Amino acid sequence: MARLILVAAAAPFAPFAPKGSASVPRPRSVAFDLDGCLWRPSLAQLRSSRSDGLAFHCAWPDVGGAPFSRRPDNTLRDRRSERVALYDGVLPALACLSDRWHGATLAVASCCQEVSWAKACLEAFEFDGRPLAELLGLQIFGRGSKRKHLRQIAAYARCRLSELLFFDNEPGHCRDAAELGVTAVLCPRGLTREVWTVAEQQFPRPGTVIVEKLVRFLHLKAETQQADKAQALLWRCAAEGRAVHPFGALSAAEVRRAIAKFEQKKEPKEDAPVEAPKDVLSLSRGKARPQVVKDLALYLRSQTPKRRCNSEQMLRVAAERRWQVAGIAEQQSSSQSRAEEQQWQYEADSVGDEGDKAAGREAQEETRFEEPVVRAMFNCDQQYDPASQPQHLMAPEDGADSEKLRPQAEDFLRYSLEALNHSQQSKLAGSYCWSQLNIARATGSLVLGHLTWQLYLLLNRADILLMASGLEMPSAESSLLPRDLSEVQKDIEATVQSEMMLFESLLGKSIDASGFRERIQGAWSMIGMVGALTLTMDQYNEPVTCPKDVSSHVFICQYVHPLLAACSTIFAAASVLLSMILYVEMSFVPDEFLGPWMRKLSWAVESPLLCFIIGIICWALDFLWRGALQYGNMGYAVAAMVVVVGIGVLIMYLKLKAMTNKFLLQAAASAAAA
Numbered sequence: 001m002a003r004l005i006l007v008a009a010a011a012p013f014a015p016f017a018p019k020g021s022a023s024v025p026r027p028r029s030v031a032f033d034l035d036g037c038l039w040r041p042s043l044a045q046l047r048s049s050r051s052d053g054l055a056f057h058c059a060w061p062d063v064g065g066a067p068f069s070r071r072p073d074n075t076l077r078d079r080r081s082e083r084v085a086l087y088d089g090v091l092p093a094l095a096c097l098s099d100r101w102h103g104a105t106l107a108v109a110s111c112c113q114e115v116s117w118a119k120a121c122l123e124a125f126e127f128d129g130r131p132l133a134e135l136l137g138l139q140i141f142g143r144g145s146k147r148k149h150l151r152q153i154a155a156y157a158r159c160r161l162s163e164l165l166f167f168d169n170e171p172g173h174c175r176d177a178a179e180l181g182v183t184a185v186l187c188p189r190g191l192t193r194e195v196w197t198v199a200e201q202q203f204p205r206p207g208t209v210i211v212e213k214l215v216r217f218l219h220l221k222a223e224t225q226q227a228d229k230a231q232a233l234l235w236r237c238a239a240e241g242r243a244v245h246p247f248g249a250l251s252a253a254e255v256r257r258a259i260a261k262f263e264q265k266k267e268p269k270e271d272a273p274v275e276a277p278k279d280v281l282s283l284s285r286g287k288a289r290p291q292v293v294k295d296l297a298l299y300l301r302s303q304t305p306k307r308r309c310n311s312e313q314m315l316r317v318a319a320e321r322r323w324q325v326a327g328i329a330e331q332q333s334s335s336q337s338r339a340e341e342q343q344w345q346y347e348a349d350s351v352g353d354e355g356d357k358a359a360g361r362e363a364q365e366e367t368r369f370e371e372p373v374v375r376a377m378f379n380c381d382q383q384y385d386p387a388s389q390p391q392h393l394m395a396p397e398d399g400a401d402s403e404k405l406r407p408q409a410e411d412f413l414r415y416s417l418e419a420l421n422h423s424q425q426s427k428l429a430g431s432y433c434w435s436q437l438n439i440a441r442a443t444g445s446l447v448l449g450h451l452t453w454q455l456y457l458l459l460n461r462a463d464i465l466l467m468a469s470g471l472e473m474p475s476a477e478s479s480l481l482p483r484d485l486s487e488v489q490k491d492i493e494a495t496v497q498s499e500m501m502l503f504e505s506l507l508g509k510s511i512d513a514s515g516f517r518e519r520i521q522g523a524w525s526m527i528g529m530v531g532a533l534t535l536t537m538d539q540y541n542e543p544v545t546c547p548k549d550v551s552s553h554v555f556i557c558q559y560v561h562p563l564l565a566a567c568s569t570i571f572a573a574a575s576v577l578l579s580m581i582l583y584v585e586m587s588f589v590p591d592e593f594l595g596p597w598m599r600k601l602s603w604a605v606e607s608p609l610l611c612f613i614i615g616i617i618c619w620a621l622d623f624l625w626r627g628a629l630q631y632g633n634m635g636y637a638v639a640a641m642v643v644v645v646g647i648g649v650l651i652m653y654l655k656l657k658a659m660t661n662k663f664l665l666q667a668a669a670s671a672a673a674a
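According to UniProt numbering, the sequence shown is numbered sequentially starting from 1.
In structure tokens, the structure reads:
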């Protein structure tokens, strides 16, 4: 029986070799990578959720992965109906291995992150009516370099490393394999028919990397000769014809270098004749750039952060735009050149036709957004006078000299900061606005500066109105600021005190003992009844297990439900039992001894309520956990909402208890004084 072993590795690159003869010995072992080599897409990509919600466990329905179902066309669908398919050269390769290269040991050496999913796919894919897992006798999984994988495969097949043929889509793994003396085949587009044909023709090539002609000419040229990761990725995407390119691993500088190398043109010497382009790189240096470069430029445009400048540069740009908004065309040449320079800086990152269009749209939207802000911020017609209060900044008259607007615009933040610093009114509002304007000046935020200034003007007018009505604005010592720690300490002490201990001193004085007995017994009856209802809703006996996937070993998934359900059952049962016992025992206590009875058993009087609260919290958490397992992201969204509501209810309970205790203390003090 042929045994198939898949190995994930990558190696260095070697020159393209001529075709081998028919007498070339066949390999004694063939190893394959999985993700990106035998099938697409990578199984790790199936883990990502469709929505932007929370998805921490791969077993939830909103995340793909195992179990996989096989379709008649020998493709797989995961739980989210995502398609997993073999490359077109996998089945012809297996047919050749079972025919001309019969007897070769087949192996898998993979760095796949989802090991259980990979094994499930090998069980689901079939060749000649047999699952691939049956053909692949040796399956080695592990992260890092594949040198160890290949040595284990050679030992298992009892062959030399030079008799091993290895397929992988990663150049680095192929280099490692070639350094061991293995014949490595680079297949960045997966195991296609062309790659397998080249591998058949070129084997054996120990210590080298075999590639098909297109990949060698484009990808290897950039990877080995130019040693530039960005350029290599550029050519690799062009060779693979991808619609979406994985540029996320590149920095902005690397992307710029890739575009610059692509577009650079060597000017011929005057005496030297112009030679025809000899490679694809030269051929592509024309007017029309390939789509991959346009996509690369758009990616660079989207990932490059906006430049931050100091306040002087920011104000100068805003002033120049303010002139354009006002329709003032009489600008000096220096102002015009600076405006053009700033406009060029905003559009410098756009490369390619699509990039130019995107940059133009973005600049237009940005200008339209900033026009009202700039018009409101730089409507200055006077300089700041420390002796006067800040006033509204009025719009300039038509035909105002543009040169007069420049110093006013550049000094705007300085003006507002000094105004707030010298203002003696509204100290609280002034200090807040002063700090916000400092932040606006440091970050170069026009919007923050404008909003802060408008806030100050609003507060300043409110201050004037309050002063006219005889009131004052809150000062640093007002109650709006954090209260004294002694008051907070009093609230905490009032919250933790026992209500029954405070209530006991009022029995027989301002509160009738028999009336209190009826009320407290009614409360216990309600607690016991609701606690019994909670027990009927508890699902402690219902097992909730996590699906058997890659995360099934995580202990938190297995034991959260039993722990929460057990706590809910215990505390709910305790609240029911305690309420019944206290209800019965209190019925036998005479009215004149009810106060001493409560004093000695104050902890027991409140225990049914506390046990019920703890039990209902555990029941709610267990309910939310099972809902999250059942409904995934939606369950977690509901859980987050319920947690917020629960925290609000708990805070309300503590505040009500503190208020009740304060009233009881006041009543007890009044009774003692009387």
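Beta carbons are placed, not taken as given, at the ideal position from N, Cα and C, and that holds for glycine.
These figures come from a predicted structure and were not determined experimentally.
Under 6 Å Cβ to Cβ from residue i, same chain only, skipping five residues before and after it: list those, please.
i: serine 282; result: Residue placement at serine 282 is flagged as unreliable, the pLDDT there being 38, under the threshold of 50; the coordinate-derived value follows with that caveat. Correct list: empty, nothing qualifies.
i: leucine 164; result: Ser29, Ala154, Val182
i: alanine 120; result: Ala66, Phe68
i: proline 590; result: none
i: alanine 133; result: Leu122, Glu123
i: alanine 560; result: According to the sequence as given, residue 560 is valine; it is not alanine. These residues qualify, in order along the chain: Trp625.
i: cysteine 611; result: Phe571, Ala574, Ser575
Less than 8 Å between the C-beta atoms of residue i and residue j, yes or no?
i: tryptophan 101; j: leucine 43; result: no
i: lysine 146; j: alanine 109; result: yes
i: valine 182; j: leucine 150; result: yes
i: aspartate 168; j: alanine 155; result: no
i: isoleucine 527; j: proline 608; result: yes
i: methionine 586; j: arginine 517; result: yes
i: arginine 193; j: glycine 89; result: yes
i: residue 680; j: leucine 186; result: Because residue 680 is not part of the residues shown, which for the chain are 1 to 674, the question remains open.
i: leucine 38; j: leucine 180; result: no
i: cysteine 96; j: arginine 143; result: no
i: aspartate 622; j: alanine 565; result: yes
What is the residue span of the beta strand (DSSP E) that residue i lies within?
i: serine 110; result: 105 to 110
i: leucine 94; result: It is not in any beta strand (DSSP E) - leucine 94 instead sits in the alpha helix (DSSP H) that spans 90 to 98.
i: leucine 86; result: 83 to 86
i: alanine 184; result: 183 to 186
i: serine 29; result: 29 to 32
i: glutamine 45; result: Glutamine 45 -> no beta strand (DSSP E), and no H or E assigned at all.
i: leucine 138; result: 138 to 141
For residue i, which residues of its own chain have a beta-carbon under 8 Å away from its beta-carbon, when the five flanking residues on both sides are left out?
i: glycine 646; result: Ile617, Ala620
i: leucine 577; result: none
i: methionine 537; result: Trp619
Tell me where the alpha helix (DSSP H) around residue i begins and ends.
i: leucine 164; result: Segment 164 to 168 is the beta strand (DSSP E) holding leucine 164; no alpha helix (DSSP H) there.
i: arginine 175; result: 171 to 179
i: leucine 150; result: 147 to 157
i: threonine 75; result: Run containing threonine 75: none; DSSP gives neither H nor E here.
i: serine 116; result: 115 to 124
i: residue 759; result: No answer is possible for residue 759: the residues shown for the chain start at 1 and end at 674.
i: alanine 133; result: 132 to 135
So residue i packs on residue j, CB below 8 Å; how close in whole Å?
i: asparagine 624; j: valine 642; result: Checking the sequence shown, residue 624 turns out to be leucine, not asparagine. Leucine 624 to valine 642, Cβ: 6 Å. Contact.
i: serine 575; j: glycine 522; result: With a Cβ gap of about 15 Å, serine 575 and glycine 522 do not count as contacting.
i: arginine 130; j: alanine 85; result: Rounded, the Cβ-Cβ distance is 19 Å, inconsistent with contact.
i: leucine 582; j: tryptophan 524; result: 6 Å
i: phenylalanine 127; j: leucine 76; result: So it is not a contact: roughly 14 Å between Cβ atoms.
i: proline 92; j: tryptophan 196; result: 6 Å
i: alanine 573; j: leucine 601; result: Contact doesn't hold; Cβ gap of about 20 Å is too wide.
i: phenylalanine 571; j: isoleucine 614; result: 5 Å
i: proline 188; j: alanine 104; result: At roughly 24 Å, the Cβ-Cβ gap does not stay under 8 Å, so proline 188 and alanine 104 are not in contact.
Go through its chain and collect everything with a Cβ distance to residue i's Cβ below 7 Å, but skip five positions before and after it.
i: glycine 207; result: Ala178, Gly181
Completely contained alpha helix (DSSP H) runs for the segment 556 to 600, where each covers 4 or more residues: 594 to 600
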